[in-house]
Structure formats: C-alpha cells, structure tokens
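Here's the structure, in structure tokens; my notes come after.
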Amino acid sequence: MPEEEGIPRYKWRGWKMPFGNLKDPEYCEYGCPICRGARRGNPIYRVIQGLLMVLTLGGCWWGRARKRKYGVRPWKSIPQSGA
C-alpha cells in the first residue's frame with residue numbers, strides 16, 4: 000500500500016477492504032468510501048452508514064478501531080487540535 004504524505008492508499012479507491020487488518024482505523028478515515036461520503040454530508044452514504052450501524056450493532060471493525068483511536072464515531076470528523 001503506497002503512501003503519499005502519510006496518507007495511506009487503498010486499492011479500488013477504498014472498495015477493496017483490508018480484511019487482513021481488521022483493526023486499521025486509517026481505513027475508515029482515508030479508505031472507506033461509505034464513511035468518507037457520510038462525513039462529507041452525502042445523504043445516500045449517511046443512510047447506508049446508518050443501516051450498517053444498526054445491522055452490525057455499532058459499526059464495522061474499522062469504524063470501531065477509528066473510535067478507539069480518535070474517540071469519534073465514523074460519521075463525525077476528527078476534531079482539530081486547538082493549539
């Protein structure tokens with residue numbers, strides 16, 4: 000997975016999920032097309048993500064890993080440091 004400027008790249012623009020690493024919070028942040036679309040405000044992706052949150056009882060593996068690392072849910076942006 001080549002990286003440019005510290006941002007990981009995922010195959011097929013994120014549609015190929017990294018099942019070999021289920022605890023990769025960066026996939027939710029930079030790779031997952033559903034989570035990225037929901038954070039950008041796309042209503043279709045928000046509905047899909049809402050359904051996934053209900054069906055998986057709290058989100059996918061990568062969304063849960065993102066919550067553990069950054070402390071925010073998959074549909075919310077990571078807060079910038081106020082320094």
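The numbering of the sequence shown is numbering that gives the first Met the number 0, which starts it at 0 and goes up by one. Glycine included, C-beta positions come from ideal geometry on N, C-alpha and C.
Annotation: the continuous alpha helix (DSSP H) that includes Gln-48 extends over 42-54. Judged by DSSP in its simplified three-state form, Pro-24 adopts helix. Excluding its 5 nearest sequence neighbours in each direction, Tyr-9 has C-beta neighbours in its own chain below 6 Å: Gly-30, listed in chain order. No Cβ-Cβ contact shorter than 9 Å links Trp-74 with Lys-22. If the five residues before and after Gln-48 are omitted, its C-beta is found closer than 7 Å to the C-beta atoms of Ile-33, Cys-34, Ala-37, Pro-73 and Trp-74, all from its own chain and listed in chain order. Per the coordinates, the alpha-carbon of Met-16 lies some 13 Å from the alpha-carbon of Glu-28.
For Val-71, the closest of Glu-25, Leu-50 and Thr-55 by C-alpha to C-alpha distance is Glu-25.
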